[in-house]
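Here's the structure, in structure tokens; my notes come after.
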Amino acid sequence: MSKLTKIRVGGVPEHFNLTWHLAMENGLFEKEGIELEWTVFKGGTGQMTKALRDNEIDVCILLTEGIISDIVKGNPSKLIGKYLNTPLIWGVYTGINNPVNYYGEIYDKNYAISRFGSGSHLMPIVDANAKKIKIKEEQFQVIKNLEGALESLTENETDAFYWEKYTTKPYVDNGTLKHLGDYVTPWPCFMIAATNDIISKEKEAIDNMLKVIYFTSKQFMLSPTSVQEVSDRYNQKLEDVESWFHATEWSVNNDISDKLLKNVLHTLHYAGIIDEKPELAFFKA
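Under this note's numbering, the first residue of the sequence shown carries the number 525, and numbering increases by one thereafter.
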């Protein structure tokens, strides 16, 4: 057997990425000549963009707004495909004992974020900007990950936190967090990005990797056991997984439309997150 091509892939430890684990468990990457090494990034998109910059990882599945803004700011990577076609539902939370009780009260408060450049940082800015409100940089406090946010919110060191709704719901159910509302991203939420280095050196392997994940994603959406499997693996209530699953569509090809990129760039520029809007070819492999 010929030597496998190693590709280092990173993603968050959330149910969206189960398709990658299923493909690995079923040996589908090996059949295409790929040794796929998976790394968990609890710190989310901000941690992954740094890992791409530092060449600690070759490919990441990360938030659309986070990777696009970081490519504008010099990340030596490109988008190689969409991962999801649907937006992310961000839950907006505070600690159970925090005096904040309504979504509209948060905009002058302190925000917990995993790191600057992460979705938990960018989404509050985009959300507030759409309401003609500006959030100041000093309102953000880095808490690294979900565990850090739970501690910070419980101690009332911060007042608001944006995180994927269904991942965070168990902490509402157990009385740790108070759910203030939801914010839906105005674009498909997850992209697959790769470093320029791996794209130039291993284009065939990258193409084969995408072929595997799009095949697995299609099968996952069609399987009658997917909802139960997510519930079992991620310890989430079956009815919550059903709601999430039927509101989520995985991509089955690597098409990224120009309109999608224009929408994201316009919004990030208008919100002051990026200073320029490069040509669209700058983002695609």
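Using N, Cα and C, we set each Cβ at its ideal position, and we do this for glycine too. All values reported here derive from a predicted model rather than from experimental measurement.
Asked                                                                                                                                                            : Found
Can you tell me whether W562 is buried or exposed? The criterion is at least 16 other CB atoms within 10 Å of its CB, across all chains shown.                   : exposed
Where do the N-terminal and C-terminal ends of the alpha helix (DSSP H) with A652 fall, by residue?                                                              : G643 to A654
Among residues of its own chain, excluding the 5 on either side of M647, which ones have a beta-carbon nearer than 8 Å to its beta-carbon?                       : E589, W614, Y686, Y707 and T709
Roughly how many angstroms lie between the CA atoms of E661 and A652, to the nearest whole one?                                                                  : 13 Å
For P748, does the count of other Cβ atoms within 10 angstroms reach 16, so buried, or fall short, so exposed?                                                   : exposed
Does the pairing of the segment 593-612 with the segment 793-807 give three or more beta-carbon distances under 8 Å?                                             : yes
Just the Cα atoms here: how many angstroms apart are D799 and D632?                                                                                              : 24 Å
So T719 and D578 are supposed to be a Cβ contact under 8 Å. How far apart are they, rounded?                                                                     : That pair is no contact at about 10 Å.
Contact defined as beta carbons within less than 8 Å: I believe D683 pairs with N621. What is the distance between those atoms, to the nearest angstrom?         : In fact, because the Cβ distance is near 11 Å, the residues do not count as touching under 8 Å.
Rounded to the nearest angstrom, what separates Y690 and S775 at their Cα positions?                                                                             : 20 Å
What does the alpha-carbon distance come out to for the pair I531 and Y758?                                                                                      : 25 Å
Between which two residues does the beta strand (DSSP E) holding A718 run?                                                                                       : F714 to T719
Compare the beta carbon distance of L612 and C713 with 8 Å and say whether it is the shorter of the two.                                                         : yes
Which residue from N609, M548, N550 and G557 puts its Cα closest to that of S781?                                                                                : N609
Expressed to the nearest angstrom, what Euclidean distance is found between the alpha-carbon atoms of Q743 and N680?                                             : 44 Å
Output needed for Y627: all residues of its chain with C-beta closer than 7 Å, excluding positions within five of it in sequence on either side, in chain order. : V616, L704 and G705
Per DSSP, which one or two residues make a beta bridge with R532?                                                                                                : E561
Starting from H539, follow the alpha helix (DSSP H) in both directions and report where the run begins and ends.                                                 : Looking at the DSSP string, H539 is not in any alpha helix (DSSP H), and its letter there is neither H nor E.
What residues in its chain sit with their C-beta under 8 Å from that of A539, if we drop five residues either side in the sequence?                              : Here residue 539 turns out to be His, not Ala, going by the sequence shown. Only Y690, T691, V754, R757, Y758, Q760, V765 and W768 meet the Cβ criterion.
Go to L811, then tell me how far its beta strand (DSSP E) extends in each direction, as first and last residue.                                                  : The chain is shown from 525 up to 809; residue 811 falls before or after that span and cannot be answered.
Determine the DSSP secondary structure at A684, reduced to helix, strand or coil.                                                                                : strand
Name the two residues that bound the continuous beta strand (DSSP E) containing G605.                                                                            : S601 to K606
For the candidate residues G672, L762, G699 and K725, whose alpha-carbon lies nearest to that of S644?                                                           : G672
For the beta strand (DSSP E) that contains Y690, what are its first and last residues?                                                                           : Y690 -> not in any beta strand (DSSP E); alpha helix (DSSP H) instead, spanning K689 to D697.
Buried or exposed: where does N483 fall if 16 or more other Cβ atoms within 10 Å of its Cβ makes it buried?                                                      : This structure leaves residue 483 out entirely; the chain is present only between 525 and 809.
Taking the alpha carbon of E629 as the point to measure from, which residue in S601, T618 and T678 has its own alpha carbon closest?                             : T618
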